[in-house]
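Participant:
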Ligand code: XMP
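Numbering (the working numbering), first residue to last: 73 to 590.
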């Protein structure tokens, strides 16, 4: 396996992404955790130093343990990683000036031209004579370390690519992992080939490794897992169950704010299909009771969050001897919490609903998905045999239908909302649009409007359809349904759902709107 030492770059996760596309298994570890003992235990076949926001010219700036250079394995340094390598091995780095003549800082697109092309590291690179790369550095290498040669230069980076071919140390000033270095994957491909990777890593291999790790971590102790029915916690639960069987118990909190048939689907799937011990905490009365009369969105969210923790804890306490709490934490969640550069805070995920619980209950965490991206979790889910319908599901918020029911939440309104939502999703599936849309749902509005059906007057609720495209939920655009689709869907909802006599389509993007209505 390959070790990526993370020095805090915003794009470290993209390095892992590129490597997995090459079917190479890698793990990212923050530099603070990578000690001599860690390296000896990890036994990487190759190491990559990520970029990072610090300056190697600053005393006390992040370093890898020096034993990394005597492991006898290829090392690739990127940006800050390049500068670290140069300085550690006897070269020199200087701070760059950003403005004025002679400045050496470089941000954005640049072109690298060849100084040497014979090394296999450069196979397929420089095919067009020069390569577009993406630079983002203030400091620059002013003298390369002994044993290094120059392979490529750019106007502001005479040492854009350098290497010590004997030791297989490679150092690049730019970021080959980003989109704006269009041919960057070639360098990773060459690097992993030099390191002897065969490109044979698969989800099957990951599954086997993950199972072995879970067994080693948990031993004969018990694990509890909060199951939401979402992809992440479902995949985590099935994987852990495969590893430790009956030592796992899942707790599924039904707050009465789920979609039509959802609770039954989750219970059937996990209890009957997978034989996973499952506590179905039917707490609808508790949640809906406490929410009675509540109209403020923040109060709704806080009430649900508080009750969720109480209920989860109550049930978890009945499992004697549980020492671990399983969570479906994904890699982007991990990076979020160790990121130096404090990127935008990302979507609140359902497992954050039990935040703080592990400490409170004295539980240790099992997080078997913490190295994976969302699409890789889906691939693992398929590998584990989870039905496609489950794997491809749109995200569903922890507070459920409560935030799709502006104003007061009543059982009657929830019932109408569930029915309308089911018709809408059915329409989307029938038209083959489900996978194109990132998230779609109905919100029931707190107004009633006048209509006419047959010969009679109606006075029923209005609803809004929502459908968005998005990559990560941070920004979103409304989905451009055809008028035919919208018309047909409105007719079906009004005909099939008693209690709704008007349908609107929400065409707000995010920003300025949010995806949910509350
Ligand atoms: P907004 O409405 O903020 O939603 O644009 C962005 C994404 O996050 C989901 N969401 C939540 N998910 N707990 C969750 O697990 C929450 O409290 C929550 N609030 C919003 C929302 O469904 C969308 O996918």
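All C-beta atoms in this analysis are idealised placements derived from N, C-alpha and C, irrespective of residue type, glycine included. On a predicted model such as this, the values are computed, not experimentally measured, just so you know.
Could you tell me whether any non-hydrogen atom of the ligand XMP is closer than 7 Å to the CB of residue 587?
Facilitator: The sequence position of residue 587 within the chain shown is 515, counting from 1. Because some heavy atom of the ligand XMP lies under 7 Å away, the Cβ of residue 587 counts as near it: yes.
Participant: Taking C-alpha atoms, which residue in 475, 343 and 319 lies nearest to residue 374?
Facilitator: Numbered from its first residue, the chain shown carries residue 374 at position 302. Among 475, 343 and 319, the Cα nearest to that of residue 374 belongs to 475.
Participant: Take every Cβ of the segment 132 to 139, pair it with every Cβ of the segment 155 to 162, and state whether three or more of those distances are shorter than 8 Å.
Facilitator: Yes, the segment 132 to 139 touches the segment 155 to 162.
Participant: Which residue marks the beginning of the beta strand (DSSP E) containing residue 501, and which one marks its end?
Facilitator: Taking the first residue of the chain shown as 1, we reach residue 501 at position 429. Here residue 501 belongs to no beta strand (DSSP E); instead the alpha helix (DSSP H) covers 483 to 502.
Participant: By DSSP's criteria, residue 545 is part of a beta bridge. Which residues make up the other side?
Facilitator: By 1-based counting over the chain shown, the position of residue 545 is 473. In DSSP, residue 545 forms no bridge with anything.
Participant: Assign residue 540 to one of two classes, buried (16 or more other C-beta atoms within 10 Å of its C-beta) or exposed (fewer than that).
Facilitator: Translated into positions along the chain shown, residue 540 becomes position 468. The residue in question, residue 540, is buried, as its Cβ has 16 or more Cβ neighbours within 10 Å.
Participant: Closest to residue 463 by CA distance: which of 452, 469 and 93 is it?
Facilitator: Locating residue 463 in the chain shown gives position 391, where the first residue counts as 1. Of the candidates 452, 469 and 93, the one whose C-alpha sits nearest the C-alpha of residue 463 is 452.
Participant: At a cut of 8 Å, does the segment 216 to 230 reach the segment 281 to 288 through at least three beta carbon pairs?
Facilitator: No: fewer than three Cβ pairs fall under 8 Å.
Participant: Suppose the cutoff is 7 Å on Cβ atoms and the five residues either side in sequence are ignored; what does the same chain contact list for residue 562 look like?
Facilitator: Translated into the one-based positions of the chain shown, residue 562 becomes position 490. For residue 562, where only same-chain residues beyond five positions count, the Cβ hits under 7 Å are 575.
Participant: Taking the C-alpha atoms as reference points, what is the distance between residue 347 and residue 334?
Facilitator: Looking up residue 347 in the chain shown gives position 275. Looking up residue 334 in the chain shown gives position 262. Approximately 18 Å between the Cα atoms of the pair.
Participant: So what does DSSP say about residue 316, is it helix, strand or coil?
Facilitator: On the chain shown, residue 316 is found 244 positions in, with the first residue counted as 1. Here residue 316 sits in helix by DSSP.
Participant: Residue 245 to residue 430, Cα distance in whole Å?
Facilitator: Start at 1 with the first residue of the chain shown, and residue 245 comes out as number 173. Start at 1 with the first residue of the chain shown, and residue 430 comes out as number 358. One C-alpha to the other measures close to 42 Å.
Participant: Going by the DSSP bridge assignment, what does residue 525 pair with across the sheet?
Facilitator: Position 453 of the chain shown, counted from the first residue, corresponds to residue 525. 528.
Participant: Around the Cβ of residue 142, are there at least 16 other Cβ atoms within 10 angstroms (buried) or fewer (exposed)?
Facilitator: Translated into the one-based positions of the chain shown, residue 142 becomes position 70. Residue 142 is exposed by the Cβ-count criterion.
Participant: Out of 151, 353 and 181, point me to the one whose CA is closest to residue 382's CA.
Facilitator: To locate residue 382, count along the chain shown from 1; it is residue 310. That would be 353, whose Cα lies nearest to the Cα of residue 382.
Participant: Which stretch, first to last residue, makes up the alpha helix (DSSP H) that contains residue 381?
Facilitator: In the chain shown, the residue the question calls residue 381 occupies position 309. Residues 369 to 388.
Participant: Relative to the C-alpha of residue 254, which candidate in 196, 380 and 236 has its C-alpha closest?
Facilitator: Counting from one through the chain shown, the residue named residue 254 turns up at place 182. The shortest Cα separation from residue 254 among 196, 380 and 236 belongs to 196.
Participant: Are residue 343 and residue 316 closer than 8 Å when you measure CB to CB?
Facilitator: The residue given as residue 343 occupies position 271 in the chain shown. The residue given as residue 316 occupies position 244 in the chain shown. Against a cut-off of 8 Å, the Cβ pair of residue 316 and residue 343 comes out as no contact.
Participant: For the segment 444 to 468, list the beta strand (DSSP E) runs that are entirely contained and at least 3 residues long, ordered along the chain.
Facilitator: With a minimum length of 3 residues, no continuous beta strand (DSSP E) run stays inside the segment 444 to 468.
Participant: Given 7 Å as the limit, tell me if residue 538 has its C-beta closer than that to any heavy atom belonging to the ligand XMP.
Facilitator: For the purposes of this step, residue 538 is taken as the residue at position 466 of the chain shown. Incorrect: residue 538 has no Cβ contact closer than 7 Å to the ligand XMP.
Participant: Output needed for residue 182: all residues of its chain with C-beta closer than 6 Å, excluding positions within five of it in sequence on either side, in chain order.
Facilitator: Residue 182 sits at position 110 when you count from the first residue of the chain shown. Taken in chain order, the residues that qualify are 205, 207 and 226.
Participant: Our contact map puts residue 458 next to residue 306 with C-beta atoms below 8 Å; I'd like the distance itself, whole angstroms only.
Facilitator: As a working note, residue 458 is residue 386 in the chain shown. As a working note, residue 306 is residue 234 in the chain shown. Rounded, the Cβ-Cβ distance is 6 Å, consistent with contact.
Participant: Count the other CB atoms within 10 Å of the CB of residue 635; is the residue buried (16 or more) or exposed (fewer)?
Facilitator: The requested residue 635 does not occur in the structure, where the chain is confined to residues 73 to 590.
Participant: CA-CA distance, residue 73 and residue 90?
Facilitator: Taking the first residue of the chain shown as position 1, residue 73 is located at position 1. Taking the first residue of the chain shown as position 1, residue 90 is located at position 18. Residue 73 and residue 90: Cα-Cα distance of roughly 14 Å.
Participant: Relative to the ligand XMP, is the shortest distance from any of its heavy atoms to the C-beta of residue 545 smaller than 7 Å?
Facilitator: Residue numbering aside, residue 545 sits at position 473 when the chain shown is read from its first letter. Indeed, a heavy atom of the ligand XMP lies less than 7 Å from the Cβ.
Participant: Who are the near neighbours of residue 583 in its chain, counting only those whose CB is closer than 8 Å to its CB and skipping five residues on each side?
Facilitator: On the chain shown, residue 583 is found 511 positions in, with the first residue counted as 1. The residues are 547.
Participant: Between which two residues does the beta strand (DSSP E) carrying residue 153 extend?
Facilitator: The residue given as residue 153 occupies position 81 in the chain shown. That residue, residue 153, is in no beta strand (DSSP E); its alpha helix (DSSP H) goes 152 to 160.
Participant: May I ask which residues mark the beginning and end of the alpha helix (DSSP H) holding residue 563?
Facilitator: Locating residue 563 in the chain shown gives position 491, counting from the first residue. First-last of the alpha helix (DSSP H) with residue 563: 555 to 568.
Participant: How is residue 229 classed by DSSP in three states: helix, strand or coil?
Facilitator: Your numbering for residue 229 matches position 157 in the chain shown. Note: residue 229 maps to strand in three-state DSSP.
Participant: How many whole angstroms separate the CB atoms of residue 122 and residue 87, which I take to be in contact at a CB cut-off of 8 Å?
Facilitator: Translated into positions along the chain shown, residue 122 becomes position 50. Translated into positions along the chain shown, residue 87 becomes position 15. At roughly 6 Å, the Cβ-Cβ gap stays under 8 Å, so residue 122 and residue 87 are in contact.
Participant: Which ranges does the beta strand (DSSP E) cover as unbroken runs of at least 3 residues, wholly within the segment 185 to 218, from first to last along the chain?
Facilitator: Qualifying beta strand (DSSP E) stretches, in chain order: 203 to 209 and 212 to 215.
Participant: Let's see if you can read the secondary structure: which residues bound the beta strand (DSSP E) around residue 264?
Facilitator: Taking the first residue of the chain shown as 1, we reach residue 264 at position 192. Element bounds for residue 264: not the beta strand (DSSP E) but the alpha helix (DSSP H), 256 to 266.
Participant: From the DSSP output, which residues share a beta bridge with residue 75?
Facilitator: Looking up residue 75 in the chain shown gives position 3. 99 and 119, per the DSSP bridge assignment.
Participant: Pick from 118, 211, 314 and 310: whose alpha carbon is nearest that of residue 268?
Facilitator: Reading the chain shown from its first residue, position 196 is the one you call residue 268. Among 118, 211, 314 and 310, the Cα nearest to that of residue 268 is on 118.
Participant: So does the segment 388 to 402 actually touch the segment 354 to 361, counting three or more Cβ pairs closer than 8 Å?
Facilitator: No, because fewer than three Cβ pairs between the segment 388 to 402 and the segment 354 to 361 fall closer than 8 Å, the two stretches do not touch.
Participant: Can residue 467 be considered in contact with the ligand XMP, in the sense that its beta carbon sits closer than 7 Å to one or more heavy atoms?
Facilitator: By 1-based counting over the chain shown, the position of residue 467 is 395. Yes, Cβ of residue 467 sits closer than 7 Å to a heavy atom of the ligand XMP.
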